[in-house]
Structure formats: C-alpha cells, structure tokens
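See structure below.
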Amino acid sequence: MQTTTTGRQLVISNSARESSGRRLLCVVAHPDDETFGSGSALIKYAAEGASVYTACATRGDVGEIARGSGATPETLSAVREQEYYDAGKIMGVEKSILYGYRDSGMADTPDNDHPNAYIRVPIDEVVAKVVDTIRELRPQVIFTFDEGGGYGHPDHIRASEAATRAYFAAGDPSYPGSPLEPWKPSKLYYHAFPRSMMRKWFKVLTVVDPDSDMAKMDPEKMGVADERITTRLDTSEYTDTRRKAIAVHRTQYSPLDRMPSPDLEDEFLASDHFIRVDPPVADGAEGIIESDLFDGLDI
Ligand SMILES: [Zn+2]
20 MQTTTTGRQL VISNSARESS GRRLLCVVAH PDDETFGSGS ALIKYAAEGA SVYTACATRG
80 DVGEIARGSG ATPETLSAVR EQEYYDAGKI MGVEKSILYG YRDSGMADTP DNDHPNAYIR
140 VPIDEVVAKV VDTIRELRPQ VIFTFDEGGG YGHPDHIRAS EAATRAYFAA GDPSYPGSPL
200 EPWKPSKLYY HAFPRSMMRK WFKVLTVVDP DSDMAKMDPE KMGVADERIT TRLDTSEYTD
260 TRRKAIAVHR TQYSPLDRMP SPDLEDEFLA SDHFIRVDPP VADGAEGIIE SDLFDGLDI
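Under the numbering used here, the first residue of the sequence shown carries the number 20, and numbering increases by one thereafter.
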C-alpha cells in the first residue's frame, strides 16, 4: 500500500491499494441499484482495501429514460449496462458482473408477463448463477435488498430471495447446482432504507414530482421499520465519490434528482443502513448493534 502524508491528511493511493483480504459481494437487480441504493457502502469498503464485487440480474431494459440522456427504448439496455460498469469503476468495484436477464418492470405492468422477464426465470436457475459467483469470488460478506425489495419492485424481491438462497447453498457440499468448490460466506445483510427517511423523502417528492411512479407509492410500504436496522455505516467521507457515481447513471432519474432538500440529501448520502440476517442477531438485542459489515470477522 502506498501512503503519503499531506499536512495532517493521510492519503491512500487507490491504484496501489493493497488487498486487505476482505471481500464483499453486493447482489442487485438493475444497473443503478448498486449505486443509488448502497453505493456509499461499496465506496467505503473499496477505499479501505476490500475487494468489492457487484452482481446485477438484469440490464434494466424497461426502466425510465431521463430527459436529455439521449437513450431510446432500443438502446437503453446497452447504455445502462455501460453505466453500470462505469459507475463501478468510480466506486472502486473490482468486478461488476451482469447476468443479463430481462428487466420485469414495475409491479403490475405488462412487462411482468414478458416470457424472458427475470421474475419468470425458474428460481433454481437464478440461485445457481449466484452460487457460482459466490464460489468463484469467495466473499465473506454478502448483501442484497430487504425481502420487500426496498419499495416492492418485483425484480428486487426476486434478487433478494435468490441471493438469500444462494448464500446458504454456496457452502453446502451437497448443493447440486454448481460444479465449483463450496465456499461458506460468513455474513448476510439486507441493505435497507429506514422508513423514517422514506417518509421525509415522500413529503418532498409528492410536491416536486407528483406524477412520477414513485410518488404514487405508499411510503408506509417502503423501506423497513427503523427498529429492524441492525447496522449503520458512517459513509460521510465518501459523499463526493457517491455523487460522481450517481451522475454516471445518466439515463435514470436518481434519488437526488427527487430530493431537492440539502438536509435530506446529506442524510441520504452520509450513511448506509442494513439488517443483519446471518448470523442472526441475539434475542433481546435492540437498535443498532454494528457499524461495520465485517465486525467480528477475523480476516
Ligand atoms: Zn432496481
């Protein structure tokens, strides 16, 4: 690792970064989920020397197209794929994997029924792909969406289910779906937005962008109850990099486009929240119990 001291600030050169032996895998559904949802966590661990990987199920074929981005319905999936790789580079992601399934669209839209839609692919096939990824990359920590997919997107719910099943299957020598050597990851998390934050966001969103798909949703069905959050990362050091990575996803309206409140934007960027799924939290434990996804691991 190359470190230099400028004034009182310690600078760690990214290019000469030495691996810490920590490996982190983030499993998502669309190109942008990795950046818009949990980008600060990815940036933080990459900056600290972990090998950070993302695995994305679809190419985001039927997402919105932001005005001025130049993409068309025909080019959208290719453009979004490139945005995913480019944002990954900015965040320090070592490997950005894309499975290439078809985006199933928002809940209750005709794209849900497309024969190639991700949610129509047999779950065992999807799980097998994630198991292969886990066995190849050998992450100690994995995170994905909460079981409600953050805001109920069917692809998010599917990705969460697949990642959860794959997490437990990857270390099982009797699992039949992968030829690779078993690898048992140590911790599984669901990335989650505290509902208190969603309520604040909606208050603003319904005023500034009342016609958007998001504004029509019920904030009480979004994010998770604050009491479920077990782990909060302080990512306030990385807000500039996060903003740069968010800007790369030009075809998509970002959470920041719909958050014209500086206080809320700072709150959104300065921390990432998670629910620890495995190992389970001890009975009786309440509130935030960790500030590091690798807490307790001897690596
Ligand atoms: Zn998504």
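Glycine residues also receive a C-beta, built at the ideal position from the N, C-alpha and C atoms.
Task: Any non-hydrogen atom of ligand 1 closer than 8 angstroms to V47 Cβ - done: Mapped onto the sequence shown, residue 47 falls at position 28. Checking every heavy atom of ligand 1 against the Cβ of V47, one is found closer than 8 angstroms.
Task: Expected contact under 8 angstroms - CB spacing of A76 and D174 to nearest Å - done: The residue you call residue 76 lines up with position 57 of the sequence shown. The residue you call residue 174 lines up with position 155 of the sequence shown. About 6 angstroms; that satisfies the 8 angstroms criterion.
Open item on the list: Among T163, L283 and S88, whose alpha-carbon lies nearest the alpha-carbon of V149?
Closed with: Here residue 149 corresponds to residue number 130 of the sequence shown, with the count starting at 1. Comparing Cα positions, the closest option is T163.
Task: C-alpha distance - R154 paired with D228, whole-angstrom precision - done: Residue mapping note: residue 154 aligns to position 135 of the sequence shown, counting from 1. Residue mapping note: residue 228 aligns to position 209 of the sequence shown, counting from 1. Straight-line Cα distance between these residues: approximately 43 angstroms.
- [ ] Please say whether L312 and L43 have beta carbons closer to each other than 9 angstroms?
- [x] On the sequence shown, position 24 is the one that residue 43 refers to. On the sequence shown, position 293 is the one that residue 312 refers to. Judged by their CB atoms, L43 and L312 are nearer to each other than the 9 angstroms cut-off.
Task: Three-state secondary structure assigned by DSSP to P129 - done: By 1-based counting over the sequence shown, the position of residue 129 is 110. Of the three classes helix, strand and coil, the one that applies to P129 here is helix, per DSSP.
Open item on the list: Is the beta carbon of A60 closer than 9 angstroms to that of E113?
Closed with: Locating residue 113 in the sequence shown gives position 94, where the first residue counts as 1. Locating residue 60 in the sequence shown gives position 41, where the first residue counts as 1. No, the Cβ-Cβ distance between E113 and A60 is not below 9 angstroms.
- [ ] Taking only the alpha-carbon atoms, compute the straight-line gap between A234 and L199 and give it to the nearest angstrom.
- [x] For the purposes of this step, residue 234 is taken as the residue at position 215 of the sequence shown. For the purposes of this step, residue 199 is taken as the residue at position 180 of the sequence shown. Cα atoms of A234 and L199: separation of roughly 44 angstroms, rounded to the nearest angstrom.
TODO: Buried or exposed for I116, please, with buried defined as at least 16 other CB atoms from any protein chain shown within 10 angstroms of its CB.
DONE: Taking the sequence shown and counting its residues from 1, one reaches residue 116 at position 97. The Cβ neighbour count for I116, taken over all protein chains shown within 10 Å, is at least 16; the residue is labelled buried.
Task: Residues bridged to T73 [DSSP beta-bridge criterion] - done: Indexing the sequence shown from 1 puts residue 73 at position 54. Per DSSP, the beta-bridge partners of T73 are C45 and S115.
TODO: Report the residue from V267, A264, T183 and K203 whose alpha carbon sits nearest the alpha carbon of P2.
DONE: No answer is possible for residue 2: it lies beyond the span of the chain, which begins at 20 and ends at 318.
Task: Own chain partners of S310 with C-beta closer than 8 angstroms, once the 5 adjacent residues on each side are dropped - done: Looking up residue 310 in the sequence shown gives position 291. These residues qualify, in order along the chain: T250, R251, L252 and D253.
TODO: Say yes only if the C-beta of H172 is nearer than 8 angstroms to one or more non-hydrogen atoms of ligand 1, and no if none qualify.
DONE: The sequence position of residue 172 within the sequence shown is 153, counting from 1. Yes; taking the cut-off as 8 angstroms, the Cβ of H172 has a heavy atom of ligand 1 nearer than that.
Open item on the list: According to DSSP, simplified to helix, strand and coil, what is P213?
Closed with: Translated into positions along the sequence shown, residue 213 becomes position 194. If DSSP states are grouped into helix, strand and coil, P213 belongs with the strands.
Open item on the list: Within 8 angstroms, do at least three Cβ pairs link the region 213-220 to the region 67-82?
Closed with: With the cut-off at 8 angstroms, the region 67-82 and the region 213-220 do not touch.
Open item on the list: Taking the alpha carbon of S231 as the reference point, which residue from P274, I62 and G40 has its own alpha carbon closest?
Closed with: Here residue 231 refers to the residue found at position 212 of the sequence shown. Closest in alpha carbon position to S231, among P274, I62 and G40, is P274.
TODO: Go ahead and label I248 buried or exposed: buried means 16 or more other beta carbons lie within 10 angstroms of its beta carbon, across all protein chains shown.
DONE: Stepping through the sequence shown from its first residue, residue 248 is reached at position 229. With 16 or more neighbouring CB atoms inside 10 Å of its own CB, I248 falls in the buried class.
- [ ] With a cut-off of 8 angstroms on the beta carbons, I'd call G82 and Q271 a contact; round off their distance for me.
- [x] Looking up residue 82 in the sequence shown gives position 63. Looking up residue 271 in the sequence shown gives position 252. Correct: roughly 6 angstroms between the Cβ atoms.
Task: Other residues of its chain near E178: CB distance less than 7 angstroms, five sequence neighbours each side excluded - done: For this step, residue 178 is matched to residue 159 along the sequence shown. First, the amino acid is wrong: residue 178 is Ala here, not Glu. Closer than 7 angstroms at the Cβ level, and outside the excluded window around A178, lie V46, V47, A48, A76, T163 and F164.
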